[in-house]
Amino acid sequence: MVEWTKGFSYAQLNELYTSVALQWHYEKHVDLESIYLNLQADNKKKKNQAWDTEEEADSVGFVGY
31 MVEWTKGFSY
41 AQLNELYTSV
51 ALQWHYEKHV
61 DLESIYLNLQ
71 ADNKKKKNQA
81 WDTEEEADSV
91 GFVGY
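Using our numbering, you'd call the opening residue of the sequence shown number 31 and step up by one each time.
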C-alpha cells in the first residue's frame with residue numbers, strides 16, 4: 031500500500047481513505063487494488079487535460095449573468 035500511494039497528495043490520500051471506509055461500510059469488504067487503480071486512472075486523466083483554455087480564461091462566474 032505504501033508503494034502504491036507514493037507521490038499521492040494529502041487530498042488523494044483522503045480520497046483513498048474515504049473510498050475504503052465507504053466500501054467497507056456498504057459491502058463489508060475492501061478491494062484495495064481496485065480502489066487504487068481507479069484513483070490512479072482518474073489522476074492520469076486529470077493530468078492530461080488542459081483546464082486553462084483560451085476560451086475559459088476570458089470568462090469568470092456564471093454564464094449569461
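The C-beta atom is built at its ideal place from N, Cα and C for all residues, glycine as well. Bear in mind the structure is a predicted one, so any value in this text is a computation, not a measurement.
Range covered by the alpha helix (DSSP H) that runs through residue i
{"i": "W34", "result": "From DSSP, W34 is part of no alpha helix (DSSP H); its letter is neither H nor E."}
{"i": "K58", "result": "Premise fails: K58 is in no alpha helix (DSSP H) and is neither H nor E."}
Cβ separation of residue i and residue j, assumed to be a contact under 8 Å, to the nearest whole Å
{"i": "Q42", "j": "L69", "result": "7 Å"}
Cut-off 8 Å between Cβ atoms - residues of its own chain near residue i, not counting five sequence neighbours on either side
{"i": "L46", "result": "T35, F38, I65, Y66, L69"}
{"i": "Y40", "result": "none"}
From the options, residue whose alpha carbon lies closest to that of residue i
{"i": "V32", "options": "A71, L62, K75", "result": "L62"}
Spatial neighbours of residue i in its chain, beta-carbon cut-off 6 Å, leaving aside the 5 residues before and after
{"i": "V50", "result": "V60"}
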